[in-house]
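What follows is a short report on a single structure.
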Amino acid sequence: MAFSRRYANIKSKKKPMFKSKFLQNNAIVMIGTLLGAPLGYAFHFVVSRQISVAQYGELQSLLSLSIIFGVFNSALGYFAIRHTSVFSANNDWQANNDFIGYLQTKTIKFASLVLIILLAASPLLAKILHFSSYTGFFVLSLATYISTLTVAYGEVLRGWGNFLTLTIIALAVGVIKILSGSALAIGFHTTAAVSVSFLVMSIANLYFAKVWTKKMVAGKPGLQKSESIWKNKYFPEANIRRTATKIFFFSLAIVLLSNIDVILVKYFASADIAGFFGAFNMLGKIVLFLNMAVIGVMLPEACVDGHSGRRLNKKNLLRTYGLMTLIGFGSMTFFYLFPNFVVRLFFGQKYIFETQLLWLFALISYLLSVLTLEANLSFAKRDFRVVYFLIAAILLMVGALAKFRGDLREIILALIGTLLAGYLAVVSLNIINEKRSKFDKN
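Heads up, the sequence shown is in the numbering used here, so the first residue is 405 and it goes up one at a time.
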């Protein structure tokens, strides 16, 4: 009996592996990302072997364009997380429900207009970027439209801290993408055919996100529709249209900075260089994918702190930087030691070309991820001056790649210099604002 009581006391005092909710969420998202990353790379593993190097360069350009086309999705996501994280902090389902109804009404109208514009511009874009077919652009436009309708549901899950559900959805969608993409690549051997997998994936993502969000809301009391309760209660001084415009330009800058490099290389360099760059860049983006998962966990907390006029918890900021640096330098070391093995594993023998440069692509992604982190910290504090610094970095990147495009090494060094300059500028802005904030309080 005494032993039983003693055992019960010991059991009750057992501490969880991660006492911090922040670290728990990071663990969930990181495990999901590590499980999902092989699915994403399996897609490229199969596709790159079924199409030519030049066609794979087209696919990489199309993937980058899909993200750039989806800039409204990114802006919508930032807008939604900024609000839903505040509703979550106050456990206010009524305000959350009203906000989503408002957001979806606006989204459908704008997304329909964007779809028409993209469909009309597809032939011109295909010609400018020397694509073999503009079918991919048509399919991509439809996928972008469906993805836009998904954003609000996904950000409700993120804002309310339901990272496990988000992870499950991401894994399910990843499986659907690899199955559909592989079948299309094996059957048709063209970028245009493979692009249909983006459409299939976006439809599945919308279905899963919508179903899970409705399950979260089901059974919550007091969810009758009412007008603007969320704005009057939590954002009475905010000009919604002005805020949305600022967030759009912030998102546009982030999206362009993260994806325009592939488009610029496709435009300035030869088709084969673009293909090799696209493949190596895809491997380097492992760092960015993992680090963006860490940023995604940090952002809701940063938005709540920014809304309340507080600074982000320094301990969690250090944890974020620590995780990102561990991922970045771990990947750089592995790519430096085993470049041929990594390239041959994912893309095959035909991509063995200057593989000694592979670790620098991990460095590029690390610099891009810490720059994105600092930009997101500015966003959370509603300091949109950071947009000017991001635009300057984009223009510097365009100029650098226009001048230094002779070979792969020149292109890499131009990107490293651009991203390093951008990071130092944005982190300086945040440090200055931090010191100014302390001075004002004193």
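Each residue gets a CB set at the ideal place from its N, CA and C atoms; glycine is no exception.
Fair warning: this is a prediction, and the values are worked out from it, not measured in the lab.
query	result
CB contact flag (Thr595, Gln454, <8 Å)	no
Touch test, the region 605 to 624 against the region 569 to 585, Cβ-Cβ under 8 Å, three pairs minimum	yes
Exposed unless 16 or more other CB atoms sit within 10 angstroms - verdict on Tyr792	exposed
Buried versus exposed call for Gln464 [16 or more other C-beta atoms within 10 Å across all chains shown]	buried
Chain-order list of residues whose beta-carbon lies under 7 Å from that of Asn710 (same chain, five-residue window excluded)	In the sequence as presented, Asn is not what sits at residue 710; that position holds Gly. The answer, listed in chain order, is Ala784, Lys785, Arg786.
Between the CA atoms of Ala556 and Thr511 - distance to the nearest angstrom	9 Å
Helix, strand or coil at Asn494 [DSSP, three-state]	coil
Buried versus exposed, by CB contacts within 10 Å (16 or more), Phe681	buried
Buried or exposed by the 16-neighbour rule on C-beta atoms within 10 Å, applied to Pro442	exposed
Host alpha helix (DSSP H) of Ile455 (start-end)	Where Ile455 is concerned, there is no enclosing alpha helix (DSSP H), given that its DSSP letter is neither H nor E.
Buried versus exposed, by CB contacts within 10 Å (16 or more), Thr649	exposed
Length of the line joining the Cα atoms of Lys425 and Leu762	36 Å
Where the alpha helix (DSSP H) through Asp665 begins and ends	644 to 672
Assumed close pair Val659, Ser478 - CB separation to whole angstroms, cut-off 8 Å	5 Å
Check whether Ser769 and Leu692 have beta carbons under 8 Å apart	yes
For Thr724, three-class secondary structure by DSSP	helix
Sequence-distant residues of the same chain with beta carbon closer than 6 Å to Ala530, five excluded per side	Tyr538, Phe541
For Leu794, the three-state DSSP class (helix, strand or coil)	helix
For His534, three-class secondary structure by DSSP	coil
Buried or exposed by the 16-neighbour rule on C-beta atoms within 10 Å, applied to Glu838	exposed
Cut-off 7 Å between Cβ atoms - residues of its own chain near Leu466, not counting five sequence neighbours on either side	Gly540, Leu544, Thr595, Ser599
Lys614 (DSSP reduced to helix, strand or coil)	helix
C-beta atoms of Phe447 and Ile590 nearer than 8 Å	no
Three-state class that DSSP yields for Ser599 in the structure shown	coil
Euclidean distance between Cα positions of Ser655 and Leu553	17 Å
First through last residue of the alpha helix (DSSP H) which encompasses Met778	Here residue 778 is Glu; the residue named in the question, Met, does not match the sequence. From DSSP, the alpha helix (DSSP H) with Glu778 extends over 762 to 784.
Closer than 7 Å: Ala779 CB and nearest the ligand FAD heavy atom	The ligand FAD is absent from the structure shown, which contains no ligand whatsoever.
For Phe541, the first and last residue of its enclosing alpha helix (DSSP H)	539 to 563
Given Ala499 as reference, the closest of Trp564, Ser468, Ser601 once Cα atoms are compared	Trp564
Distance between beta carbons of Val457 and Lys754, contact taken as under 8 Å	7 Å
Simplified DSSP state of Phe788, which is helix, strand or coil	coil
Sequence-distant residues of the same chain with beta carbon closer than 7 Å to Gly481, five excluded per side	Val555, Glu559
Buried/exposed call for Lys807, threshold 16 Cβ in 10 Å	exposed
Option in Ile573, Tyr638, Phe567, Phe765 with minimal Cα separation from Val615	Ile573
Inter-residue spacing [alpha-carbon to alpha-carbon] between Asp665 and Met801	8 Å
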